[in-house]
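Let me begin by presenting the structure, written as structure tokens, before commenting on it.
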């Protein structure tokens with residue numbers, strides 16, 4: 123789950139930097155922008171995106187994250203073979219990568235100003251809109 127690991131690692135780093143006293147105000151604005159972008163992605167991925175997955179995949183992701191990303195512990199808890207768990211997690215990661223965009227998190231990391239952060243989120247935002255429209259169309263009237 124490279125995407126989730128990268129997302130959480132960068133999110134935690136920017137969280138520390140945003141509230142650090144050793145960052146000047148100009149840099150703090152950019153860090154805050156990056157932090158908010160990553161927070162938006164993390165919230166959407168854990169709240170909305172996971173809801174679209176089958177229950178078995180949701181359980182795998184939740185237990186994998188809560189068990190400190192240990193495959194053996196998660197597989198034992200879910201009574202799955204480790205290879206089976208790896209297969210499920212890699213399928214979910216491919217879906218996340220397609221939805222989020224392969225380089226979105228990296229592009230946010232490399233952004234030098236607010237415009238770069240917005241451009242890095244362009245693919246993600248368009249997919250969120252498509253997701254919300256499809257979700258609305260599935261609702262009965």
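Numbering (this note's numbering), first residue to last: 123 to 263.
Idealized CB from N, CA, C, for every residue including glycine.
So for residue i, helix, strand or coil by DSSP?
{"i": "residue 161", "result": "helix"}
{"i": "residue 224", "result": "coil"}
{"i": "residue 150", "result": "helix"}
{"i": "residue 143", "result": "coil"}
{"i": "residue 177", "result": "helix"}
{"i": "residue 229", "result": "helix"}
{"i": "residue 249", "result": "helix"}
Which stretch, first to last residue, makes up the alpha helix (DSSP H) that contains residue i?
{"i": "residue 135", "result": "124 to 140"}
{"i": "residue 169", "result": "Taken as a continuous stretch (DSSP letters only), residue 169 belongs to no alpha helix (DSSP H), as it is neither H nor E."}
{"i": "residue 270", "result": "In the structure as shown, the chain begins at 123 and stops at 263. Residue 270 is therefore absent and cannot be evaluated."}
{"i": "residue 242", "result": "236 to 242"}
If you count every other CB in all the chains shown that lies within 10 Å of the CB of residue i, and 16 or more means buried, which is it?
{"i": "residue 244", "result": "exposed"}
{"i": "residue 260", "result": "exposed"}
{"i": "residue 155", "result": "buried"}
{"i": "residue 255", "result": "exposed"}
{"i": "residue 149", "result": "exposed"}
{"i": "residue 159", "result": "buried"}
How about the stretch 191 to 210 and the stretch 169 to 183: do they share at least three Cβ pairs that are nearer than 8 Å? yes
When you compare the stretch 228 to 244 with the stretch 201 to 220, are there three or more beta-carbon pairs, one atom per stretch, that lie closer than 8 Å? no
Does the count of Cβ pairs from the stretch 156 to 171 and the stretch 125 to 135 closer than 8 Å reach three? yes
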